[in-house]
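Read through the structure below, which is laid out as structure tokens, and then see the notes.
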Amino acid sequence: MLERKTLHEGWTVAAGRGPVPDHIRDAGAVPASVPGSVHTDLLAGGLIPDPYLDENEKTQAWIGITDWTYRTVFDVQPGDAHQELVFQGLDTIAKVRLNGVELGETRNMHRTHRFDVSASVVDGSNELVVEFASPVRAADAASLALGYRPHTNHHPYNAIRKMACSFGWDWGIDTSTSGIWRPVTLESWSDARFGDARIAGVRIDGEARLQVAVPVRGTASRIRLRVAGVVHEADIVDGWARVDIAVPGAELWWPRGHGAQPLYDLEVDLLSSAGEVLDRLTRRIGFRSAEVRLEPDADGTAFTIVVNDRPILVRGANWIPEDAFPHRVDRDRYARRLAQAEFAGINLIRVWGGGIYESEDFYAECDERGILTWQDFLLACAAYAEEEPLWSEFEAEAAEAIARLGAHPSLVVLNGNNENIWGYQDWNWPQRLDGRTWGAGYYYDLFPKLVADIAPHVPYTPGSPFSPDRDMHQNDASNGTTHVWDLWNVKDWPHYRDHRPRFVAEFGWQGPPTWSALVAAIGDDPLTPESPGMLVHQKAAKGNDKLTDGLTAHVPLPNDMADWHWAMSLNQAVAVRTAIEWWRSLTPHCTGTIMWQLNDCWPVTSWAAVDGAERRKPLLYALKHAHRERLLTVQPDGGALVLSAVNDTADRWTGEVVVERRSFVGGVLATERIAIDVAPRSAWRDALPDAISTAGDPTQELVVARLEDDVAHAFFAEARDSQLAAAELDVAAHPTSTGWTLEVTAHSLVRELTFLVDRLDPEAIADDALVTLLPGERATLTVSGATDAAASDFAMTPVLRTLNDLVQGGV
């Protein structure tokens, strides 16, 4: 039977050609971790400080322009078996040698590389060497050889097959690292073995079916599979074993909020003519159907993700690599992040195309949680040459990724690229390309053919944003998917309501990391928005200017760092909440949103809802509120105020909404009772009467809509232009075995009440935030952690924060 021996022990790494500091050169070969990277090996050896801290990124640029050599020795008794050396991930330009024999050169971080070493491996001790060329110099050289192609940021990442954001991004650190980032194994086999299997649990005509196509290398007779009580055997024909059978005992897999997520263990054995098991593969699978419906209507073309014939209203988030050094992310960390996604009401994660094809751990967690996944092919914000050697590399990496990921029931979209077709149309690429290829052959030819052949049960789209007609504008809000970035870049967040898209695949607003993460990463004294470390940790072009411009229409710009941090954190949360509630109010015209972005890969000012220290920013709570399965929201629309009720549950939502126009001090100025009857997975909206929607004094009035526990607030004036007074409230903090219960009573209008509990304990977590209370209203919040705090701490600034704080007593 196939045997696998991991080769993760005894590695060293040494610097080669490059501007290497003397102390690194003098250290010679240092212990290396596999899987790992140069940066993390040097960090573990005490040879560099943490690249995430202060201005260390700048001082470590030499690592990316240096060659590195990894070396180990392993023992083996090969016998008569076939021997294959398998690298699941080499980052990136590498030569592999075994016992002095060059096995080959690799140029792709995103694929597995196999080498037949049957003739190279010897009994006893074997020396394995991997020589990595500088990725920065390799990318520059490849760009010259292929011809210039437009790209964002400062390195030509589009010239080699390395994780694009390894070279830095507008939220990411530039590490340009090298290393053996995924496992290494020596595989031994005698008679036969499996190749890359194509496995799908599908639903056809209401029936659960298992489809398996697996290539076989060597001499074998048949396969035997077991799943959900079914045992089936199939012959091997022309080197392939193919199965398509009903699985009558299997139940359907559903997205979260729509049903259960039953998963089944699949076991496939490769059998000799005598019945001996030669190889075995296992998968955990689910059964579902998925499609993307592109339906023309009077408003354009709708974009709807459909699972098991049920349209899904998407409440999504974009995902970047969880760490700048992805090998450090284990299943527990994926689980923590996806639990935060669940907390935020997220039902789809889009894996962005400037990162990686995510790991089996990531997809297994999504399968189990019912979180839908959308995986970009790894091309982002750049033109890509279609000539060799890139074409063959794309073909190999895509085929491998499609086969691996296609077995996961959560995967419902494979997407050709991020913003490249749009970029070709709108970013002046044709003039710069001067006739050179730019990637269209991948998006419209190679990738769809591979998906149709390997995983036809997974819908494919050529790009994001995407219009079904390739000759149309590819970021047309009326057709397909759109990215909405003019608000952050140019306008202000209330203008989200100018957009009536069919499906939003990207939009977002920046904010700083939590305070505890910020001060742990940046030691500036004084710490200001423009101090040196802060600027290193702000990667967006004119990012601080955009933060300021997007704030001052709403509240004055604070001159205190703690207030600045709170103001920008709150503004990020309100901006994204505003967009989501507006677009959800347009259901079913708009069928989904995917905010940018759920996570960070290091401590940085960014669009993330969870910072690089894994801590919840106020934005995560805004997502929780805006993503409620039953959402009441009051929206300005066409000169009026509109009440919308969005029902993303399986049950009809009926009741009487009490809508009031009230003064800030609590008086009821007008009341309307409105009966609603909202069908499952749909929305209702209607204009409010003038008595509600017309303010007597906009500076001191608001609208409140309430149906049992569902409450919406709408204000007539910006906070800075209103008579919002200082918050008057009482906080009673009661210790519990795991933290605190906080009982808050408001004596005035209190807007966006938030406890920044990480200031008391970096690991403390509040169960809610961004709470608005009218005079006399109460709220109870729970805090886990901060057990060493005093009860009085929770009533003190800067732990207790409100929007009121930033208005400085009103006008």
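Counting from 662, one number per residue, gives the positions in the sequence shown under my numbering. Don't be surprised by glycine CBs; every beta carbon is placed ideally from N, CA and C. Computed from a prediction, not measured in an experiment: that's the story for all the values here.
Quiz item: Starting from D1114 and walking both ways along the beta strand (DSSP E), at which residues does that stretch end?
Solution: Note, D1114: premise wrong, no beta strand (DSSP E); alpha helix (DSSP H) at F1108 to I1115.
Practice problem: Write down the C-beta distance between S1139 and R1163 rounded to the nearest angstrom, noting that I regard them as a contact closer than 8 Å. | Solution: 7 Å
Practice problem: Entirely within the segment 725-768 and at least 3 residues each: give me those beta strand (DSSP E) ranges in chain order. | Solution: 729-737, 743-748, 754-759 and 762-768
Practice problem: Can you tell me which of D1419, V782 and W1268 puts its alpha carbon nearest to the alpha carbon of W832? | Solution: W1268
Quiz item: Which same chain residues, not among the five before or five after G689, have their C-beta less than 8 Å away from its C-beta?
Solution: A675
Practice problem: Tell whether a beta-carbon distance below 8 Å holds between V1271 and N1308. | Solution: With respect to the 8 Å criterion, V1271 and N1308 are not classified as neighbours on the basis of their beta carbons.
Quiz prompt | Beta-bridge pairing of F793 - partner residues as DSSP gives them | solution = Its beta-bridge partners are W729 and A755.
Exercise. Check E848 in the structure and name its three-state DSSP category.
Key: strand
Practice problem: Buried or exposed for W1099, please, with buried defined as at least 16 other CB atoms from any protein chain shown within 10 angstroms of its CB. | Solution: Counting Cβ neighbours within 10 Å, W1099 comes out buried, since at least 16 surround it.
Quiz item: So, helix, strand or coil for T1448, using DSSP?
Solution: coil
Quiz prompt | Given E1290 as reference, the closest of A1064, F1004, W1013 and V691 once Cα atoms are compared | solution = Measuring C-alpha to C-alpha distances from E1290 to each of A1064, F1004, W1013 and V691 identifies F1004 as the nearest.
Exercise. Could you work out which residue in W1149, N1232 and V1216 is closest to A1202 when comparing CA atoms only?
Key: Out of W1149, N1232 and V1216, W1149 has the C-alpha closest to the C-alpha of A1202.
Exercise. State the Cα-Cα distance for the pair L1558 and A1394, rounded to the nearest angstrom.
Key: As shown, the chain starts at 662 and ends at 1472. That puts residue 1558 outside it, with no answer to give.
Quiz item: Are there 16 or more other CB atoms within 10 angstroms of the CB of P1187, so buried, or fewer, so exposed?
Solution: exposed
Quiz item: Just to confirm, are P739 and V782 a CB contact at a threshold of 8 Å?
Solution: Yes; because the gap between Cβ atoms is below 8 Å, this pair is in contact.
Practice problem: Pair every Cβ in the segment 1075-1082 with every Cβ in the segment 1122-1134, then say whether three or more of these pairs are closer than 8 Å. | Solution: Per the Cβ contact rule, the segment 1075-1082 is in contact with the segment 1122-1134 (3 or more Cβ pairs under 8 Å).
Exercise. To the nearest angstrom, report how far apart A874 and A722 are at their CA atoms.
Key: Rounded to whole angstroms, A874 and A722 show a C-alpha spacing of 46 Å.
Exercise. Put R1161 into one of helix, strand or coil per three-state DSSP.
Key: coil
Exercise. Could you check the C-alpha separation between G1311 and P1341 for me, to the nearest Å?
Key: Per the sequence presented here, residue 1311 reads as Ala, with Gly not at that position. Roughly 5 Å between the two C-alpha positions.
Quiz item: For V1392, which residues of its own chain have a beta-carbon under 7 Å away from its beta-carbon, when the five flanking residues on both sides are left out?
Solution: L1403, V1405, F1455, A1456 and L1461
Practice problem: Consult DSSP for V1472 and reduce its assignment to one of helix, strand or coil. | Solution: Unreliable placement is indicated for V1472, whose pLDDT of 33 sits below 50; the coordinate value is still reported in the next sentence. The answer is coil: DSSP assigns V1472 none of H, G, I, E or B.
Quiz item: Three-state secondary structure (DSSP) at D1371?
Solution: strand
Quiz item: How would you write the range of the alpha helix (DSSP H) that K719 sits in, first residue to last?
Solution: N717 to T720
Quiz item: Between T1209 and E1317, what straight-line distance do the alpha-carbon atoms span, to the nearest angstrom?
Solution: 41 Å
Quiz item: Apart from the five residues on each side of it in sequence, which residues of its chain come closer than 8 Å, Cβ to Cβ, to V1472?
Solution: Bear in mind that the predicted position of V1472 carries a pLDDT of just 33, short of 50, making it too unreliable to give a figure here.
Practice problem: Answer yes if the segment 1036-1054 comes into contact with the segment 1015-1024, meaning at least three C-beta pairs across the two stretches below 8 Å, and no otherwise. | Solution: Judged by Cβ distances under 8 Å, the segment 1015-1024 makes contact with the segment 1036-1054, as three or more pairs qualify.
Quiz prompt | Status (buried if at least 16 other CB within 10 Å, exposed otherwise) for A1425 | solution = buried
Practice problem: Could you tell me whether the segment 838-857 touches the segment 749-764, using the rule of 3 or more Cβ pairs below 8 Å? | Solution: yes
Exercise. Tell me whether R1291 sits in a helix, a strand or coil according to DSSP, three-state version.
Key: strand
Quiz item: Of all the beta strand (DSSP E) runs that stay within the bounds of the segment 1388-1456, which reach a length of 3 or more residues?
Solution: 1390-1396, 1400-1407, 1411-1416, 1432-1434 and 1439-1445
Exercise. Within its chain, find whatever has a CB closer than 8 Å to the CB of G1470; leave out the 5 residues flanking it on each side and keep chain order.
Key: With a pLDDT of 43 at G1470, under the threshold of 50, the modelled position of that residue is not reliable, and no figure is offered here.
Quiz prompt | Under 8 Å between C-beta atoms of V888 and Y925 | solution = Cβ atoms of V888 and Y925: closer than 8 Å.
Quiz item: Which partner residues of Y925 appear in the DSSP bridge assignment?
Solution: I946
Quiz prompt | Buried or exposed by the 16-neighbour rule on C-beta atoms within 10 Å, applied to K1110 | solution = exposed
Quiz prompt | Same chain, Cβ closer than 8 Å to G1067, neighbours up to 5 away in sequence not counted | solution = Hits under 8 Å: R859, I860, A861, I1115, A1116, H1118 and V1119.
Practice problem: Would you please state the rounded distance, in angstroms, between the beta carbons of D728 and S851? I believe it to be under 8 Å. | Solution: Not confirmed; about 38 Å, so no contact.
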